[in-house]
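Student: Numbering (my numbering), first residue to last: 4 to 73.
Glycine included, every Cβ here is placed at the ideal spot set by N, Cα and C.
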Amino acid sequence: MKWNECESGMTVRDIRTAEKFTVVGRRGVTDDGIATVTDCGAWVEQVEPNFDGVKEPWVVHWSHLERVAD
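(1) How would you call R19, buried or exposed, if buried means at least 16 neighbouring beta carbons within 10 angstroms?
(2) Where does E8 sit, in a helix, a strand or coil, going by DSSP?
(3) Taking a contact to mean a Cβ-Cβ separation below 8 Å, would you say V63 touches D17 in this structure?
(4) Would you check if the distance between the CB atom of T25 and the CB atom of E48 is smaller than 8 Å?
(5) Going by DSSP, what residue range makes up the beta strand (DSSP E) through V15?
(6) With a CB to CB cut of under 7 Å and the five nearest residues on each side skipped, what residues in its chain are close to E69?
(7) In whole angstroms, what separates the C-alpha of W88 from that of K58?
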């Protein structure tokens, strides 16, 4: 996946682990869509909560993500 293909609210999968996430934002991208030096991935949260009921937030690099059909 490329940074400009990623939108908040979409469901993605980490191709390394097959874990599904919901995108909550893009790291290192300005409000007007310009990628910055710190551009490294998407802010995501787990679709399914952990055993303790918490949906953990993560940053996953774009190259490890693929879109999941809704």
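Tutor: In terms of the structure at hand:
(1) Exposed is the call here.
(2) Note: E8 maps to helix in three-state DSSP.
(3) Cβ distance < 8 Å, so V63 and D17 count as in contact.
(4) Yes, the Cβ-Cβ distance between T25 and E48 is below 8 Å.
(5) First-last of the beta strand (DSSP E) with V15: 14 to 17.
(6) Only M4, V15, R16, I18 meet the Cβ criterion.
(7) Past the edges of the chain, shown from 4 to 73, lies residue 88, and the structure says nothing about it.
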